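Notes to accompany the following structure.
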């Protein structure tokens, strides 16, 4: 079975810079069509392919991404 | 949201460190300052030195750094952070004083303080963010601006005849006998962030062992100043900034790394 991971993104803190979108090796993340309270298109997971590598969280300047990965 | 069922404390891989406050940073979206703040905070947490760390905030974009680090902080006059850090570290030799400075602060107005603090071999950590521009004041030319780079005060591009050469202050400081560890890193990819974090850790370890000045340059983007989106600014940085400012260690354990 493939590795199962997930990201929890704090929408209100996200500034929609898109750095995590480029960093994700599985193209899981994309900028949302909706905006948050500050008017930024926040980042969100669009497909169920996350492997919990935390690349997105590593490059996030605002530390809005929390990463979970299922233990085998 | 996918895989909600695995959101449990035992499955946690990565979470923002508590050494950073919950304030939303004022930095532009995608700015390297945020990432650099985070890795410094993570290193402080991992080393368990939160109650002993002292942050010296500079003047520049990171002037409000004391709002984000959950450690004791002071604001220095423009460019004078290494001088202030000298005093604090001498009075508190078992503490970890670090300065966090941009290129306008460290390489322009504060050149004298920086060079003399490094030459004296003060036991401080200097984190230097180099984005080749004065970010906070509106994107003016800095000493580190590249040749041909357009800024608010060099609208036709920087020229050698008029403005001289970009200042490679990190190479310059590596020549001084007081510096123990001099390195240049970046924070644009996850691999680079991990390497930069290792370098910051090394710098703080050197300080713990009272080895002398540790200097970590972080080549960063300034997407607002460069007038690009964050991912585009990172690409531009790799193509242009890394040519003049190559990533890697310059001085390790007091010896200049031969290339």
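Protein chains in written order, with my numbering: chain A, 1 to 72; chain B, 1 to 259.
Where is the CB? At the ideal position from N, CA and C, for every residue including glycine.
Please read these numbers as outputs of a predicted model, since none were measured by experiment.
Inset, instruction - Report the residue from B:52, B:214, B:170 and B:8 whose alpha carbon sits nearest the alpha carbon of residue 94 (chain B). - result: B:52
Legend entry - Rounded straight-line distance, which links the Cα of residue 125 (chain B) to that of residue 97 (chain B): 7 Å
Legend entry - Three-state class that DSSP yields for residue 39 (chain B) in the structure shown: helix
Legend entry - Contact belief for residue 14 (chain B) with residue 67 (chain A) at Cβ below 8 Å, rounded distance in angstroms: Sure, about 4 Å apart at Cβ, within 8 Å.
Inset, instruction - Figure out for me which residue from B:148, B:198, B:123 and B:247 has the closest Cα to the Cα of residue 171 (chain B). - result: B:247
Inset, instruction - Check residue 62 (chain B) in the structure and name its three-state DSSP category. - result: helix
Legend entry - Assigned secondary structure, residue 102 (chain B) (DSSP; H/G/I helix, E/B strand, else coil): Strand at residue 102 (chain B).
Legend entry - Environment of residue 40 (chain B) [buried if 16+ CB atoms lie within 10 Å]: buried
Inset, instruction - Please list the residues of the segment 186-198 of chain B that have a C-beta atom closer than 8 Å to any C-beta atom in chain A, keeping them in chain order. - result: 187, 188, 189, 190, 193 and 194
Legend entry - Inter-stretch contact at 8 Å, needing at least 3 Cβ pairs: the segment 26-41 of chain B / the segment 220-227 of chain B: Pairwise C-beta distances place the segment 26-41 of chain B in contact with the segment 220-227 of chain B, as three or more of them are shorter than 8 Å.
Legend entry - residue 75 (chain A) versus residue 60 (chain A): straight-line alpha-carbon distance, rounded: Beyond the ends of chain A as shown, which are 1 and 72, falls residue 75 (chain A); an answer cannot be given.
Inset, instruction - Would you check if there are 3 or more beta carbon pairs closer than 8 Å linking the segment 5-12 of chain B to the segment 25-41 of chain A? - result: no
Inset, instruction - Check whether the segment 177-184 of chain B touches the segment 193-212 of chain B, counting contact only when three or more Cβ pairs, one atom from each stretch, lie closer than 8 Å. - result: Touching, yes.
Legend entry - Within-8 Å CB hit, residue 131 (chain B) to chain A: no
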